[in-house]
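Numbering (the working numbering), first residue to last: 15 to 451.
Cβ atoms here follow ideal geometry from the backbone N, Cα and C, with glycine treated the same way.
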């Protein structure tokens, strides 16, 4: 089978995503370290984490609306330009001694809010950058690149950079955002038309036809159209609910992972970073093989098999009492997560009309994220009362239930005849979704 070339525009987009992720990996731990130098109040330190987690829930759907109304290429460039300016200003504030806890909260919140718009535009832009058949491979490459930039490069360097100068991680973050903006601007305006699920109605594709002009639809109407399109596609809706169930288990596992590793698996403190690196390796391998798996088995059959494999891996992790088998199980589980993310993202990009991609992708991400804080909270309560082992067993049990549901629900859909609808990459004028999944 000949391999479809991903092309120049994809490699520009990939480079922009990797550059931005590298900066994120430097900034996130640096924010926590900076907060710890300003206060030892755990409530305030936790508030900074919450400030970065709230915007996707508060503004995710809104970001999807404007990703569909505005030129997506320019939107991504402007957002990264704004994030570069904000990160640079924050670095200056640190150097001049004007960065307090309130400033940290504001910066974390604003960067995450801008990120919601960027993510929605990026999700919607990719199908017009690569051919539809190459989407699983393209999404896998994006995941692999960002995992390497975040896990192998950014995270280990963050502490060293902060030690050299508290402002340095944020200055580098500003540079990576600026570089990403330039790379996105270099994208061409031509592209491959996405394969839609069907010809959209006037109601569904309204914002793409009318733009955001005075006579256009309200924001609420656009949000409703995106949610309706997601709900009306039975398979997309089912996959979104399955992803939420997975996130419930994953967030709970991540919440107690460090305690489980240190207390149950007896991982040495100095070796914890190496232990968690197995998940990064597994994630990269899974991301790089996602395209081949989709081509070999088909998307929906592959999703069902992946869930079954992850259930086995989690069960092995729950009953392991030594770092080596537990690390291997964690790597296998992370590989499955990468494959799942790549395949269901590609499936949605192929089926949703281009004019609704931003809104539908944002709705998928938001609904999936809603389960994460619930899982983490429940895991904390259970671990405090009974230890971490019941949490890992519950995570495996949750995946088993999700797997059973997936094997009953996910059936290959009948192919929809493609509709000849020309489009241009990076424009909203198109004719009519980690961490977590």
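Proximity of the region 375-382 to the region 274-290 falls short of the contact definition, fewer than three beta-carbon pairs being nearer than 8 Å. For residue 357 and residue 45, the gap between their C-alpha atoms comes out near 33 Å. No Cβ-Cβ contact shorter than 7 Å links residue 339 with residue 279. Around the beta carbon of residue 55, a 10 Å sphere encloses fewer than 16 other beta carbons of the protein chains shown; the residue is thus reported as exposed.
Less than 7 Å divides the Cβ of residue 152 from the Cβ of residue 24. Residue 111 is classed as exposed because its beta carbon has fewer than 16 other beta carbons within 10 Å across all chains shown.
Beta-carbon to beta-carbon, residue 320 and residue 353 are separated by about 5 Å, close enough to satisfy the 8 Å threshold. The Cβ atoms of residue 163 and residue 371 lie no closer than 7 Å to each other.
In the structure shown, residue 20 adopts coil according to DSSP, grouped into three states. In this structure, residue 195 keeps its C-beta atom at 7 Å or more from the C-beta atom of residue 101.
Between the beta-carbon of residue 181 and that of residue 105 there is about 4 Å, and that keeps the pair under the 8 Å contact cut. Residue 86 has its alpha-carbon roughly 42 Å from the corresponding atom of residue 275. Distance check between residue 304 and each of 123, 136, 72 and 149 places 149 closest, using alpha-carbon atoms only.
Excluding sequence positions up to five before and after residue 295, its CB lies within less than 7 Å of the CB of 345, all in the same chain and listed in chain order. Contact check for residue 318 against residue 201 fails: the beta carbons are separated by 7 Å or more. Here DSSP, grouped into helix, strand and coil, assigns residue 25 to helix. For the pair residue 28 and residue 400, the Cα-to-Cα distance works out to about 44 Å.
About 6 Å separates the Cβ atoms of residue 365 and residue 250, confirming a contact at the 8 Å cut-off. Here residue 334 carries a coil assignment [DSSP, helix/strand/coil]. Under the three-state reduction of DSSP output, residue 143 falls in the coil class, being neither helix nor strand.
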